[in-house]
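Student: Just so you know, the sequences run in chain order A and B. First residue of the first sequence: 1, per UniProt numbering; consecutive thereafter. First residue of the second sequence: 1, per UniProt numbering; consecutive thereafter.
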Amino acid sequence: METDASDSEHVVPFQLQFDKPIASQVKIAEWNPEKDLLAMVTEDSKIMLHRFNWQRLWTISPGKSITSLCWRPDGKAIAVGLEDGTISLHDVEASISFTSLPCINNASGKLLRSLKSHTAPVVCLNWEEESELNNTGNSLVFEDRTPRFFPPAPRVPRTPGVVTSDASFMDDNEDSYRQLSNSSYQRFNILCSGDKDGSICFSIFGIFPIGKVNVHKFSVPVSNSDKTQHLLNASIYKVALSKDLCQLIVLFSGDLIESTAAASEADKVAGCGMHGLVLDTSVFGKRKNELHQLAQQASNIEDLTEVIRASLSVMSKQWTDAVQSFSQKFVSLDTLITDHALDSSPQEEFLSLLGGARTSPAVHQFLVNTLGEAGVKRVSKLVCGAGKELQRVVHDHLQPAAEIIAFRMGELRGLSRWRSRFQVIGLDETLVAHATEKSGMMLVQVERFMRVLTSVEQQFSNFFNWLLKCIKLLMQEPSDQLLPYNSELVVIFLKFLYNQDPVRELLDPSEVDHPVQADLETMQRVCDLVQFGGFSDTEYLRRTLAKEFQQMESSFKEAFLMPFTTISRKIHVVDLLPLFPLPSLPLSRSNVIPMSISYYEDDSEANENNFNDYICFRVPAESLSDDGNYIGIVRGFMHDQRNLKRGYSTLEAVLLSMPAGYNCADLSLYKDTQVVLLLNGMTNAPETPGDACMMIIQANELPFAPVSRSIDLSLWKMHHLQDSSACLQTENEKIRSIPYSVVAPLAVSATRGVACVFAARRRALVYILEEDEDEVLETEA
Amino acid sequence: MQLRSNFMDGCSFPLNGFEVILNRIKKLAPELHRVHFLHYLTCLYHDDYFGALENLRRFFDYSVGIGGFDITPVPSRSKGFERYETGLLCLGMLQFHFGHPKQALEVLTEAVRVSQQQSNDSCLAYTLATICTLSSEMGSSSTSGMLGTSYSPTATIGTSLYFKQQLFVLLREALKRAESLKLKRLVASNRLAMAKFDLMNVQRPLLSFGPKASMKLRTCPVTVCKQELRSCLHLVSEYGSESPTMTIEGAFSTAWLNNLRRPMGASVLSLDNGVGESSNAFQFCAQPSSIPRSVLQLVGSSYLVRATAWEIYGSASLARVNSLVFATCYLDASSSSDAALVHAKLIQHLATFQGYKDAFSALKVAEQKFLSISRPVILLLKLQLLHERALHRGNLKLALQLCNELGVLASPFNGVDNQLKIEASMRHARTLLAAKQYRQASEVAQSLFCLCYQFNMQVENASVLLLLAEIHKKSGNAVLGLPYALASLSFCQSFNLDLLEASAKVTLAELWLSLGTNHAKRALTLLHGAFPMVLGHGGLELRARARLIEAQCYLCEPNYSVVEDSEIVLDALKQASDEFEVLEYHEMAAEAFYLMAMVYNKLGQLEEREEASDSFKKHILALENPQEEEEEDEDEPVSEMLVEKN
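(1) What residue range does the beta strand (DSSP E) around G211 of chain A cover?
(2) Could you work out which residues of chain B lie near K388 of chain A, taking near to mean beta carbons separated by less than 7 Å?
(3) Would M552 of chain A pass as an interface residue toward chain B - the criterion being a Cβ-Cβ separation below 8 Å?
(4) Looking at the structure shown, is G276 of chain A part of a helix, part of a strand, or coil, going by DSSP?
(5) Can you find the residues in the same chain that come closer than 6 Å, C-beta to C-beta, to S615 of chain B, ignoring five residues on each side of it along the sequence?
(6) Are the CB atoms of R320 of chain B and G229 of chain B within a distance shorter than 8 Å?
(7) For a test of the three-state rule: what should DSSP assign to A153 of chain A, helix, strand or coil?
(8) At a CB distance below 9 Å, what residues from the region 593–617 of chain B approach chain A? Give them in sequence order.
(9) Could you please give the first and the last residue of the uninterrupted alpha helix (DSSP H) stretch that includes Q458 of chain B?
(10) Taking only the alpha-carbon atoms, compute the straight-line gap between D44 of chain A and W58 of chain A and give it to the nearest angstrom.
(11) Using C-beta distances below 6 Å, list every residue in its chain close to K472 of chain A, excluding the 5 sequence neighbours before and after it, in chain order.
(12) What is the rounded straight-line gap between the Cα of S88 of chain A and the Cα of G375 of chain A?
(13) Which bits of chain B does V444 of chain A rub up against, with CB to CB less than 8 Å?
(14) For a cutoff of 8 Å on Cβ pairs, would you count S414 of chain A as touching chain B?
(15) Taking beta-carbon pairs under 7 Å, can you tell me which members of the region 366–393 of chain A lie near chain B?
(16) Secondary structure at Q500 of chain A, three-state DSSP: helix, strand or coil?
(17) Going by Cα to Cα distance, which pick from B:R172, B:L515, B:Q458, B:S490 is closest to E480 of chain B?
(18) With DSSP as the reference, label G271 of chain A as helix, strand or coil.
(19) Would W54 of chain A and K27 of chain A qualify as a contact pair, given that the criterion is a beta-carbon distance under 8 Å?
(20) Can you round the beta-carbon distance between V383 of chain A and F326 of chain A to whole angstroms, since I take them to be within the 8 Å contact cut?
(21) Counting only Cβ pairs nearer than 8 Å, list the residues of chain B close to A406 of chain A.
(22) Going along chain B, which residues have a C-beta under 9 Å from H395 of chain A?
(23) Give a yes or no on whether 8 Å exceeds the smallest Cβ distance from V526 of chain A to chain B.
(24) Pull up the distance between the alpha-carbon of F491 of chain B and that of F455 of chain B, whole angstroms please.
(25) F531 of chain B versus chain A: which residues are under 7 Å apart at the beta carbon?
(26) If the cut is a Cβ gap below 8 Å, which residues of chain A does G537 of chain B touch?
(27) Looking only at its chain, what residues have a beta carbon closer than 6 Å to the beta carbon of S749 of chain A, apart from the 5 residues adjacent to it on each side?
(28) Report the residue from B:L363, B:T431, B:S613, B:S561 whose alpha carbon sits nearest the alpha carbon of G533 of chain A.
(29) Which residues of the region 358–369 of chain B have a Cβ closer than 7 Å to any Cβ of chain A? Give them in chain order.
(30) Beta-carbon of M450 of chain A versus every beta-carbon of chain B: anything under 8 Å?
(31) Going by DSSP, name the residue or residues bridged to V122 of chain A.
(32) So, does the region 521–536 of chain A touch the region 402–411 of chain A, judging by three or more C-beta pairs under 8 Å?
(33) Against chain A, which members of the region 479–502 of chain B pass a CB distance test of less than 8 Å?
(34) I want to know whether the region 307–317 of chain B touches the region 494–505 of chain B - three or more CB-CB distances under 8 Å.
(35) Kindly say whether L468 of chain B, judged by its beta-carbon, lies nearer than 8 Å to any beta-carbon of chain A.
(36) Check distances from the C-beta atoms of the region 562–584 of chain B to those of chain A and list, in chain order, the residues that come in under 7 Å.
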C-alpha cells in the first residue's frame with residue numbers, strides 16, 4: 001500500500017485501517033460520537049450507515065435531496081436536513097442491536113419524526129448536549145409522573161387491511177413514539193439548524209421546536225457612530241452551540257448593509273462575504289430545567305394528539321366503509337319498491353312488516369331473494385364487526401391517549417403557575433389553563449361518542465336479528481334458535497339509523513361545523529354543572545368529536561407557540577465579525593468553503609468549565625489580494641464574561657499559508673485544538689491517481705495575533721493578518737501522504753480518534769489518528 | 001344485584017302509588033309470592049330498608065321451596081330449590097346496609113354453602129363479590145374472625161395484615177370465578193373492587209421468600225389504571241354477550257310517551273319520516289339510551305373510582321374531569337347516592353380551588369337536588385366545609401361544635417364507618433391545634449394513629465403522621481416534628497400519595513426553617529422540589545402556604561438582599577395573601593400582609609406599606625371577632641343551618 005519510499009524511514013502517522021471502493025461519491029460524512037459508526041450521504045441522497053470495519057448496516061433513501069446530517073449526542077439517532085426545509089430524525093439504535101446480522105432488520109434507519117421548520121434547504125445542523133460539568137449547580141430535578149401512573153402510552157392504531165409496506169411503516173412508528181417521548185432519562189440537548197435563507201431553528205431533543213431566528217432581523221450597532229449594520233442575502237454555512245448552550249457561533253455569507261438612523265441616507269453595502277456571528281442563547285443554558293420539563297410534557301402531548309388524530313381517521317374510514325356496504329345492500333329495496341309501484345319508503349315497509357300489518361311483496365322479495373339469510377349475516381358481520389373494532393380503537397387508543405393528555409396538561413398547568421420560573425420561558429398560565437379545559441372536554445366527548453357508538457352497534461345487531469327472524473318466518477322455517485330482538489329498538493333504528501349515520505358525522509372532519517343536537521336533559525345537566533365547577537363553555541355539547549379534537553389541538557398549538565416566540569425573542573446577537581470577502585455570486589456547492597468550529601476546554605486558565613472556541617476555515621483564493629492559499633483560524637470569538645471582566649479581548653486570529661503545490665481540500669478541528677488538514681496536490685495530471693496528504697497541526701501553538709472587535713467599516717479581518725501569516729511546514733508536522741486525489745468531506749471524530757477520507761475516484765480510506773503505521777509494518781517485517 | 005338493577009332500568013315512580021297496587025295484588029292473589037319480592041325491591045329503591053327487610057323475610061317465609069323467582073342471573077335455570085341462596089344473598093346485602101356486618105357475613109356464608117351445595121355457580125360468584133365488598137368496607141376487626149372460620153379454619157390470628165392478604169385472595173378468587181362464568185357485569189364490578197383495594201394497599205407477593213422475592217413495597221397505580229379501571233370500560237362493548245335480552249319491551253314506549261311534550265321524544269312518534277334530513281341524524285343521540293342501566297352504572301362508577309384515585313394520587317385536573325365525565329354522561333343512569341357523591345366531589349373541588357363562596361352556593365343547589373335519600377353525603381360535605389371555614393376564620397367554638405356533629409354521624413359500632421370516625425377525630429385534633437391546646441391535640445392524634453394502625457389504614461396513617469408533625473411544629477418543637485414529617489413522607493412515597501407528599505415536603509420545609517435561618521437554603525430546595533405538585537394540584541391553602549414559606553425562606557437566607565431582588569418575595573407574598581383572602585384564612589393572611597409591609601418598609605415604599613398594614617389590621621380584627629363575620633354571612637347563618645339539619 002505504501003508507495004512513498006521517502007516516508008518509510010520516518011514514523012508514518014495515522015494507521016490506515018482500510019482502503020475500500022465505494023459505490024457512489026459521498027457528499028456528507030459524520031462519525032457517531034459514541035460508537036465507531038459512520039453515517040454518509042451520497043450524491044444521489046442515500047443515507048448509508050457503516051461500521052468501522054466498513055460493514056454496511058443499512059441504506060435508506062428519503063426521496064428528497066439531503067443537505068445536511070448530524071448525530072444526536074447520544075449516538076442513537078441522526079438528524080437529516082433536507083432541501084425542502086424538513087429535518088427528519090432517523091433511528092439507528094434498532095439496527096445496532098442486530099449485531100451479527102445487519103440488514104436483516106428492515107426497520108433500521110426508520111423515520112422517527114420529521115419536522116418542517118425551515119422554508120429553505122437546511123444546510124447545517126448542530127446537536128449539542130448540556131455538558132456534565134454544569135449539572136452540579138442546579139439540583140432541581142423534576143420527575144415525570146406519567147410512567148408511574150399510566151401504562152405505556154397508546155400508539156397509533158393500525159389500519160386494518162392495509163398492505164404490508166404501509167403497515168410496516170406504522171409498525172416502525174409505534175416504537176418510535178415511545179422512544180422519543182421518553183426523554184426523561186436524556187440529558188438536555190438542543191438541535192440547532194441553519195438554512196440557506198438565514199434562518200436558524202432550535203428544537204429541544206430534536207422534536208420540540210423552541211425557537212427560530214433569522215439573521216436578517218438582527219442589527220448590529222457600529223461603534224462610534226449612530227449607524228447600525230444589518231444583513232441581506234444571508235445564507236448560513238455553519239452553526240455551533242457552545243457546550244454550556246449559552247452561545248451560538250454562526251458562520252454565514254451575506255451582504256453587510258449599513259444604515260443610519262436618519263432615513264434620508266440610503267443604505268450602503270459595506271461588504272459581502274463570509275461573516276461570523278455570536279448569538280446569545282443563554283436562555284437555553286440558564287433555563288434548561290424548565291425547558292426540559294416543558295419539552296418533555298409538550299412533546300408527549302403532541303405525540304398523543306397524533307395518536308388521537310390517527311385513531312379518528314382510522315375509525316372514520318372503517319365505519320364509512322362498513323356502512324357503505326350496508327347501504328349498497330339495501331339500496332335494491334328502493335328499486336324493488338318502485339318496481340312494485342308502491343308509494344312508500346323502505347322504512348315504512350319495514351315498519352309495517354314489524355307491525356305485522358302486511359308484508360309487501362317488495363320487502364318479501366328483497367328479504368328472501370335479494371338479501372337472503374347469508375346476506376344478512378354477512379352484512380351483520382361487517383357492520384357489527386366494524387362497530388366492535390371502533391370500540392376497540394376507542395378503548396385502546398383514543399380514550400387512554402385523551403386521558404394521558406389531560407394528565408400531562410394538568411402537570412403543565414402546575415408548571416405554568418410557577419411564574420417566577422416558567423413565565424420566563426413563555427409558559428402562559430391562561431393559555432395552559434384553557435388547553436387543560438379543552439383536554440377535559442375531549443375526555444367527556446370521547447365518552448359521549450362511545451355511548452353513541454355502542455348503542456348504534458347494538459341497534460344494528462338488533463335490526464339484523466330481526467331481519468333474520470323475518471326471513472325465517474317468511475320462508476316458513478323454524479326460528480326459535482335465533483337470538484331475540486327488541487321491536488322498539490327496531491323502530492328507533494328505522495327512524496334514526498336506517499339512512500342516517502350519526503357515528504360518521506361525529507367522526508368526519510369535513511362535517512365539523514355541523515352542530516350536533518344535544519338532548520335537553522343533558523344540556524340542562526351541563527348548564528347545572530357550571531356552578532359546580534363544570535366547563536363554563538357549555539356549547540361543547542353541540543360539537544362533534546372531530547370538531548372538539550380540532551379545537552383542542554389549536555388550543556395546544558396556541559399554548560406551545562408562546563414559549564416558542566418568547567424564547568425566539570430572547571435570542572439576540574452579541575457580536576459580528578466580518579471574516580473575508582467573497583465574490584458576490586452565491587457559491588455553488590462544488591466549491592463549498594471548508595470550515596469547522598469547535599470548543600475546547602481552556603486549560604491555560606485556572607478556572608474550570610471555561611471553553612474557548614476555535615473557528616477554522618479555508619480562505620478562498622480570490623478573497624485575498626495576493627491570491628495566496630491560506631487557511632484562517634480564529635479563536636476567542638465567543639464572549640466570555642470572565643475574560644471581559646478581566647478586561648482583555650480574547651479575539652485572536654492567524655492566517656496559515658499552505659505549503660506550495662498543495663491546496664486545502666477540507667479541514668476539521670480535532671481534539672486538543674488540533675486541526676486535521678486534507679491537502680490536495682495541485683499539479684496532478686488528470687490520468688494519474690493524484691497525490692494528497694493529511695496532516696495534523698497544533699493550532700494553539702500558532703502565532704495568533706489579536707484582532708480588534710470593533711467593526712470598522714468594510715475591513716475584513718483576514719486582510720489585516722495577511723502580513724503576519726504563518727507558513728505551514730510540512731516537515732515538522734504529523735503528515736501522511738495519500739496516493740489519491742482527495743475530495744471533501746473529511747470526516748473526523750474527536751471522540752473516537754478516527755478519520756475517513758474520500759478519494760475523487762470513489763474510494764474511502766479510514767485512518768486511526770492516534771496510532772502510527774510503523775508498528776504494523778514492523779510486525780509485517 | 002342484577003335483579004335490583006334490572007328493576008331500576010325503568011323510570012322512577014312514586015312509592016305510595018306503587019305500594020297501593022302491590023297491596024291490591026297481594027289481596028287478590030295471595031299465592032303470588034313474587035309480589036313480596038317486588039315489594040322488597042320497591043322498598044330498596046326508595047331506601048326504605050326496614051320495609052325491604054320485612055318484605056324479604058315475608059317472601060322467604062312464603063316461598064322457600066315453592067319457587068318464586070324466575071328471573072335468575074343464570075340463563076340456564078334449574079327448577080327447584082335455587083331461590084334460597086339468592087334470597088340469602090339479598091338478605092346479606094340488606095344486613096350489610098344496616099351496618100350489621102356480623103349478621104351479614106353469617107348470612108352470606110350460609111349463601112356460599114347453599115350455592116355450593118346447589119352448584120349454583122353464578123350465585124356463588126355474586127355472593128363472593130358481596131363478601132369482598134363487605135369486608136373491604138368494614139374494617140378488619142369485625143370480620144377477620146368470621147372470614148378465618150369460613151375460609152381457612154386454621155388461621156385464627158386476625159391481624160389486620162393477614163386480613164388484607166385474605167381479602168386480596170378473595171377478590172382474586174371472585175374475579176376469576178366471574179371471568180370463567182363470563183358474567184361480564186360481575187367481572188366489571190369485581191375489577192372495580194380490586195381497583196379500590198389496590199388503590200389503598202401495597203402489593204405484596206403472596207409468597208414472599210427466596211432471593212428473588214420482590215422487596216418493592218409500593219402501591220401500583222399502573223395496574224389500577226390499566227387492568228382494573230380501563231378494562232372495566234370494556235363492559236360497555238361486551239355486555240351484549242352476557243345475555244341478549246337485557247332491555248325490557250315497553251320501556252322505550254314509556255319513555256317516548258313521557259317525552260312527548262319535548263321535541264325529541266315526539267320525533268319518534270311523529271308520522272313524517274324525516275327522510276334524508278341530515279340534521280335529524282343527531283336526534284338519535286337524544287334518544288334514551290338502549291344500553292342497560294346497570295351497565296351504565298358500573299361504567300359510570302369506574303369514573304367515580306378514577307376521580308377518587310386521582311384525588312389520592314394528586315392530579316386535580318383529572319379528578320375534576322373524571323367527576324365531570326360521570327356527571328355529564330352517567331348521571332341519568334346512576335343511583336342517587338352516586339350522584340350525590342359526585343356532586344359532593346365537585347363541591348369539594350370548588351372549595352379547595354376556588355374558595356368557600358362558590359362552594360357554598362353550589363352546596364345550596366345540591367341540597368335542593370338531593371333531598372332525603374342521599375342526605376348523608378351532602379350533610380357530611382356541608383359539615384366538612386363549615387368546619388374548614390370556621391377553622392380558617394378562627395371561630396374555634398363553632399369548629400369544635402361542628403366536628404362533634406361530624407362524630408355523631410358515624411355509627412357507634414366498632415369497626416364500622418372507620419373513615420368517618422377518623423375524619424371526625426382528625427378534625428377534632430386540628431381544632432384543638434388551632435386552639436393551641438397542643439397536648440390534647442397530640443393525644444387525639446396519637447390515638448388516631450393507633451386506630452389507623454389497628455385497621456391497617458396506611459393511607460390515613462400518612463396524613464395522621466403529617467398532622468402530628470404539624471402539631472409539633474406549631475408547639476415550637478421542630479426537632480420532634482421532623483421524624484413525623486419524614487415518616488409521613490416515606491408513607492406517601494410508597495403509596496404514591498403525591499399531593500400529600502408535596503404537602504409533607506412543605507411542612508418539612510417549615511420545620512427546617514423554624515430550626516434556624518441557616519437551614520433556609522435547604523428548606524427552599526425542598527420547597528422548590530415540591531412546587532410543581534403544589535402549584536399544579538394543591539388547593540388554595542397549600543399553595544398559599546407554600547408561597548408564604550418560600551418568601552420566608554428568601555427573607556431568611558443570608559445572601560439574599562431585599563433591596564436587590566424584592567420582586568421575587570413580593571410576588572410570592574402577593575399571591576399567598578390573595579389566596580388566603582379567598583379562603584378567609586385570617587391568621588395566615590395577616591402573616592403574609594405583615595411580611596409584605598415589612599418588605600415595603602425596607603424598600604421605602606410607604607404607600608404600599610400602609611396598604612399592606614391596613615390589610616394586616618383588617619385580618620387581625622376579623623380573627624379576633626369571628627362571630628361578627630358569621631352573622632353578616634349572607635342569609636343563612638351557620639347556627640340556623642345546624643338547627644335545620646337536626
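In this text, a Cβ means the ideal position worked out from N, Cα and C, and glycines have one as well. From a predicted model like this one, the values you see are computed outputs, not experimental measurements.
Tutor: According to the structure data:
(1) The sequence position of residue 211 of chain A within the first sequence is 211, counting from 1. Per DSSP, G211 of chain A belongs to the beta strand (DSSP E) from 208–214.
(2) Within the first sequence, the letter at position 388 stands for residue 388 of chain A. Near K388 of chain A (Cβ distances below 7 Å), the residues of chain B are S237.
(3) Counted from its first residue, the first sequence places residue 552 of chain A at position 552. Chain B, which has no Cβ nearer than 8 Å to the Cβ of M552 of chain A, makes this no.
(4) Taking the first residue of the first sequence as 1, we reach residue 276 of chain A at position 276. Three-state DSSP puts G276 of chain A in a strand.
(5) Taking the first residue of the second sequence as 1, we reach residue 615 of chain B at position 615. Result list for S615 of chain B: F593, in chain order.
(6) Reading the second sequence from its first residue, position 229 is the one you call residue 229 of chain B. Reading the second sequence from its first residue, position 320 is the one you call residue 320 of chain B. It should be pointed out that residue 229 of chain B corresponds to Leu in this sequence rather than to Gly. Not closer than 8 Å, so no.
(7) Counting from 1 along the first sequence, the entry for residue 153 of chain A is found at position 153. Three-state result, A153 of chain A: coil.
(8) Those would be none; no residue qualifies.
(9) Reading the second sequence from its first residue, position 458 is the one you call residue 458 of chain B. Per DSSP, Q458 of chain B belongs to the alpha helix (DSSP H) from 458–474.
(10) If you number the first sequence from 1, residue 44 of chain A lands on position 44. If you number the first sequence from 1, residue 58 of chain A lands on position 58. Approximately 16 Å, taken between the alpha carbons.
(11) The residue you call residue 472 of chain A lines up with position 472 of the first sequence. Around K472 of chain A: S479.
(12) Numbered from its first residue, the first sequence carries residue 88 of chain A at position 88. Numbered from its first residue, the first sequence carries residue 375 of chain A at position 375. Rounded to whole angstroms, S88 of chain A to G375 of chain A spans 49 Å at the Cα level.
(13) Within the first sequence, the letter at position 444 stands for residue 444 of chain A. Within chain B, the residues near V444 of chain A are V321, L324, V325, T328, C329.
(14) The count along the first sequence starts at 1 and reaches residue 414 of chain A at position 414. Correcting the residue identity first, residue 414 of chain A is Gly in this sequence and not Ser. With 8 Å as the cut-off, G414 of chain A counts as an interface residue toward chain B.
(15) K388, Q391
(16) If you number the first sequence from 1, residue 500 of chain A lands on position 500. DSSP places Q500 of chain A in coil when its eight states are reduced to three.
(17) As a position in the second sequence, residue 480 of chain B is number 480, starting the count at 1. In the sequence under discussion, the amino acid at residue 480 of chain B is Leu, which differs from the Glu named in the question. Closest by alpha carbon: B:L515.
(18) For the purposes of this step, residue 271 of chain A is taken as residue 271 along the first sequence, with counting starting at 1. Residue state, collapsed to three classes: strand.
(19) As a first step, residue 54 of chain A is located in the first sequence; it is residue number 54 there, counting from the start. As a first step, residue 27 of chain A is located in the first sequence; it is residue number 27 there, counting from the start. Not closer than 8 Å, so no.
(20) Looking up residue 383 of chain A in the first sequence gives position 383. Looking up residue 326 of chain A in the first sequence gives position 326. At roughly 5 Å, the Cβ-Cβ gap stays under 8 Å, so V383 of chain A and F326 of chain A are in contact.
(21) Along the first sequence, one-based indexing puts residue 406 of chain A at 406. Per Cβ cutoff of 8 Å: S317, L318, V321.
(22) Against the first sequence, residue 395 of chain A aligns to sequence position 395. Those are R230, S231, L233, H234, V236, S237, listed as they occur along chain B.
(23) Counting from 1 along the first sequence, the entry for residue 526 of chain A is found at position 526. For V526 of chain A, the answer is yes, since a Cβ of chain B falls inside 8 Å of its Cβ.
(24) Walking along the second sequence from the start, residue 491 of chain B turns up at place 491. Walking along the second sequence from the start, residue 455 of chain B turns up at place 455. When rounded, the distance between both Cα atoms is 16 Å.
(25) Sequence index remark: in the second sequence, residue 531 of chain B carries index 531 (1-based). W418, listed in chain order.
(26) In the second sequence, the residue the question calls residue 537 of chain B occupies position 537. Per the sequence shown, residue 537 of chain B should be read as His rather than Gly. Residues of chain A passing the Cβ test: G410, G414.
(27) In the first sequence, counting from the first residue as 1, residue 749 of chain A sits at position 749. W31, listed in sequence order.
(28) Here residue 533 of chain A refers to the residue found at position 533 when the first sequence is read from its first residue. Closest by alpha carbon: B:L363.
(29) Within the region 358–369 of chain B, the qualifying residues are S361, A362, V365.
(30) Within the first sequence, numbered from 1, the residue matching residue 450 of chain A stands at position 450. Judged by the 8 Å Cβ criterion, M450 of chain A is in contact with chain B.
(31) Numbered from 1 along the first sequence, position 122 holds the residue referred to as residue 122 of chain A. Looking at the DSSP assignment, V122 of chain A forms a beta bridge with A:D195.
(32) no
(33) N496, D498
(34) The region 307–317 of chain B and the region 494–505 of chain B touch, with no fewer than 3 CB-CB distances between them shorter than 8 Å.
(35) The sequence position of residue 468 of chain B within the second sequence is 468, counting from 1. No - not a single Cβ of chain A is within 8 Å of the one on L468 of chain B.
(36) I568, D571
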